[in-house]
Amino acid sequence: MALISTATGALYCNVALRDGFGLPAELAVDCSDPQLPGVLHDTIVQWLKAPGEFDNVCRRDVLVDVARGEARAPRWFDIECSPVRIPAEDGRALMLLAHDVTARRVALLSNEALEERRRIASDTNGIVGMWDLSPATMHVALDPALARLFDVDAAQARAGMPLDRLLSSIHDDDRERLISHIHQTVKNEIAFKSRYRLRLSADSVLWVSLAGWPVHDYAGRLIRYTGVAVDVTVGALVIEALQANEARFRTLAESLPQIVWTSGADGVQNYVNQRWIEYTGLGRDAMGLMRVPGVVNPDDIAASHERWLRCMATGERYDTEYRIRHRSGHYRWFRVMAVPVRDESGRIVQWFGTATDVHGERMLQRQRELIAGELEHRIRNLFSLIQAVVVRAMMAQPACRQHVRTIANRIVELSRVYDLGPPSTAPGAKSLRRLILDMFAAYDEPSMPRLSFEGEDIEVTESAAMAISLIIHELTTNAIKYGALCEADGTIKVSLRRSAGRCQFTWKEYGCRQLASGGYKPGFGSRLLSTTVEEQLHGITTRHWESDGLRLTIDMPMEGLMPVLRHG
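So for the sequence shown, my numbering puts the first residue at 1257; every next one is plus one.
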């Protein structure tokens, strides 16, 4: 406080004012003294000039540059000036009161800076707005951005309003959960975090992540919660889509009869379906065909694991067969396949695989091979028996020896053609050109060849070779009975053409005069031929009777002819 007298023109300051303004303790000077802060000097000069016209003056947040030793520091004051009478001196005086409000002003400036930083953060981090909750009254204060979002008056929202008033905008499926979470959090005085949907319209929602932290006073009492609301709609929609895709994948995976598995880019399996548990008796925590000891037959694991490592390194499709142990302890054959899943840059992020039980097929194939081997053995014995009968006849009839020798040689050729071994899809391909020429040799006359071959050679599996030999045998038999080979000058030409993954086999007879166009009636042999083409070779048969004989074309995929190398 200070008092200025018009009679003496002196300024009388108490200790508090001197300390507050940084004035010397003995100051009692003329009002024009330059040591006075500018605001005091201007006010006192104005009052002295016209004391009768002077009225009360109140100035807020006056900045004063206060001396503190050799340094100076800014401080803020609220200053009030009022004229008073001094009866003893029969004069007037000016009473000046100064309140130091530096602490309040600094706090206000700090709060404004903090609000600005929060605004910048909200603009750059998807923050929708700020909020404060009073635990005592359960009133919540919102900043203008949140007020607009909840469609409430900004002034009322800033002052605070009942929490219940805002809950009507929350999605029906989230409201009760959110209320319970808020009350439980306030009760335990812990940090709050929840995600909910805010209904913007009948068909539009905003996903909001709400986070808040408790604020306590100096005595440790909870006085409020303060926090932020963040728009997480895009992330929530992405998560929803991923969850839907995951649900569809698991539904599909669990409905398949195969073992379905996935692994990361490192090859470590991270998912197996229920079939894995049912077959192996192991849980999902023990997944891994290569990592769990004894799951893969020890005789198969080295080759299959080597191929798996090569596929991971090159990104090629994994396709192999090996034996997997059943929960009973027995091993069964499985065909295990996997394809890589790549991201937009082409980098492998996952592998998707299946394991299909082919044990029954393997056993059936083995049975077929045994039956085919037995049949071949019997046919070979039959040829040997026929050859022996012919040789004995030749010895009994020396005059027919040359004709009998020709017949015996043809029997040998026929036996060699049918000595193909058991059908198999394994490596060890047969030359289709060689097979056809060998079969022609059994029916042709060396002195006057009537059967010829043209086109490129194709390596075929043994099972395909057996099927084609049956087809040629049927066609040759029919040609001898009804076609070109029953004519003295009839000939046959076989050609092979390969194009666009398919093979075209053409059988053309020349010089045939017995069978007119349209006179064809399929018998058992013809039906057997068609069945062999369609079911074993997956081909299509076309017959045309041209003026000089039959033209039969078989169009078939190369995939069914050529051997496929499998690892494992």
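For each residue, glycine too, the CB sits at the ideal point set by N, CA and C.
These numbers were taken from a predicted model, which means no experiment stands behind them.
Rounded to the nearest angstrom, what separates Gly1824 and Arg1573 at their Cα positions? Counting from one through the sequence shown, the residue named residue 1824 turns up at place 568. Counting from one through the sequence shown, the residue named residue 1573 turns up at place 317. Residue placement at Gly1824 is flagged as unreliable, the pLDDT there being 42, under the threshold of 50; the coordinate-derived value follows with that caveat. If you take the alpha carbons of Gly1824 and Arg1573, they lie about 14 angstroms apart.
Are the CB atoms of Val1614 and Phe1590 nearer to each other than 8 angstroms? Residue mapping note: residue 1614 aligns to position 358 of the sequence shown, counting from 1. Residue mapping note: residue 1590 aligns to position 334 of the sequence shown, counting from 1. Taking 8 angstroms as the Cβ cut-off, Val1614 and Phe1590 qualify as a contacting pair.
Range covered by the beta strand (DSSP E) that runs through Arg1421: Your numbering for residue 1421 matches position 165 in the sequence shown. Per DSSP, Arg1421 belongs to no beta strand (DSSP E) and is neither H nor E.
Here's the rule: buried if 16 or more other CB atoms are within 10 angstroms of the residue's CB, otherwise exposed. What is Gly1779? Position 523 of the sequence shown, counted from the first residue, corresponds to residue 1779. When all chains shown are included, Gly1779 counts as exposed.
Using C-beta distances below 6 angstroms, list every residue in its chain close to Gly1468, excluding the 5 sequence neighbours before and after it, in chain order. By one-based count along the sequence shown, residue 1468 stands at place 212. Phe1448, Tyr1481, Gly1483, listed in sequence order.
Three-state secondary structure (DSSP) at Tyr1738? Looking up residue 1738 in the sequence shown gives position 482. Looking at Tyr1738 - three-state DSSP - the assignment turns out to be coil, as it is neither helix nor strand.
Under 8 angstroms by Cβ, that's how I've got Val1592 and Ala1569 pegged, so tell me the actual separation to the nearest angstrom. Against the sequence shown, residue 1592 aligns to sequence position 336. Against the sequence shown, residue 1569 aligns to sequence position 313. The pair is not a contact, with the Cβ atoms about 18 angstroms apart (cut-off 8 angstroms).
Terminal residues of the continuous beta strand (DSSP E) containing Asp1613? Position 357 of the sequence shown, counted from the start, is the residue given in the question as residue 1613. Counting along the chain, the unbroken beta strand (DSSP E) around Asp1613 starts and ends at 1604-1613.
Name the DSSP beta bridge partners of Lys1449, please? For the purposes of this step, residue 1449 is taken as the residue at position 193 of the sequence shown. DSSP output for Lys1449 lists Ala1467 as bridge partner(s).
How many angstroms separate the CA atom of Asp1575 from the CA atom of Tyr1527? Here residue 1575 refers to the residue found at position 319 when the sequence shown is read from its first residue. Here residue 1527 refers to the residue found at position 271 when the sequence shown is read from its first residue. Take the alpha-carbon of Asp1575 and the one of Tyr1527: they are about 19 angstroms apart.
How about Arg1758 and Met1722: do their beta carbons lie closer than 8 angstroms? Position 502 of the sequence shown, counted from the first residue, corresponds to residue 1758. Position 466 of the sequence shown, counted from the first residue, corresponds to residue 1722. Going by C-beta atoms, Arg1758 is not nearer than 8 angstroms to Met1722.
By DSSP, does Gln1621 sit in helix, in strand, or in coil? Against the sequence shown, residue 1621 aligns to sequence position 365. If DSSP states are grouped into helix, strand and coil, Gln1621 belongs with the helices.
Rounded C-alpha distance that separates Thr1518 from Ile1438: Position 262 of the sequence shown holds residue 1518. Position 182 of the sequence shown holds residue 1438. One Cα belongs to Thr1518, the other to Ile1438, and the distance between them is close to 40 angstroms.
Quick one: what's got a C-beta closer than 8 angstroms to Asp1379's C-beta in the same chain, skipping five residues either side? Locating residue 1379 in the sequence shown gives position 123, where the first residue counts as 1. With a pLDDT of 49 at Asp1379, under the threshold of 50, the modelled position of that residue is not reliable, and no figure is offered here.
Smallest Cα separation from Arg1583: which of Tyr1474, Ile1533, Ser1601, Gly1616? Position 327 of the sequence shown holds residue 1583. Cα-wise, what sits closest to Arg1583 is Ile1533.
Going by C-alpha to C-alpha distance, which of Arg1754, Asn1270, Val1318, Pro1400 sits closest to Arg1361? Within the sequence shown, residue 1361 is the residue found at index 105, counting from 1. Arg1361 has its Cα closest to that of Val1318, out of Arg1754, Asn1270, Val1318, Pro1400.
Bridge-paired residues (DSSP) for Gly1520: Translated into positions along the sequence shown, residue 1520 becomes position 264. Its beta-bridge partners are Gln1606.
Buried or exposed: Met1619, going by 16 or more other Cβ atoms within 10 Å of its Cβ? Here residue 1619 refers to the residue found at position 363 when the sequence shown is read from its first residue. By the neighbour-count rule (16 or more Cβ atoms within 10 Å), Met1619 is not buried but exposed.
As a quick exercise: from Pro1400, Ala1735, Ala1415, Thr1507, pick the residue whose alpha carbon is nearest that of Gln1530. What you label residue 1530 is simply residue 274 of the sequence shown in a count that begins at 1. With distances taken between Cα atoms, Gln1530 lies closest to Thr1507.
Are Cys1768 and Leu1707 touching if we call contact CB-CB under 8 angstroms? Within the sequence shown, residue 1768 is the residue found at index 512, counting from 1. Within the sequence shown, residue 1707 is the residue found at index 451, counting from 1. Contact flag unset, no.
Considering only residues of the same chain and omitting the five flanking positions on each side of Pro1391, which have a CB-CB separation below 6 angstroms? Residue 1391 sits at position 135 when you count from the first residue of the sequence shown. Listed in chain order, the non-local C-beta contacts of Pro1391 below 6 angstroms within the same chain comprise Val1442, Leu1478, local neighbours out to five positions each way being set aside.
CB Ile1461 to CB His1427, shorter than 8 angstroms? By 1-based counting over the sequence shown, the position of residue 1461 is 205. By 1-based counting over the sequence shown, the position of residue 1427 is 171. The sequence shown places Val at residue 1461, rather than the Ile named in the question. Between Val1461 and His1427, the C-beta gap is smaller than 8 angstroms, which places the two residues in contact.
On the three-pair Cβ rule with 8 angstroms, is the segment 1747-1761 touching the segment 1794-1811? Under the three-pair Cβ rule at 8 angstroms, the segment 1747-1761 counts as touching the segment 1794-1811.
Along the chain, where does the alpha helix (DSSP H) containing Asp1555 start, and where does it finish? To locate residue 1555, count along the sequence shown from 1; it is residue 299. Counting along the chain, the unbroken alpha helix (DSSP H) around Asp1555 starts and ends at 1554-1570.
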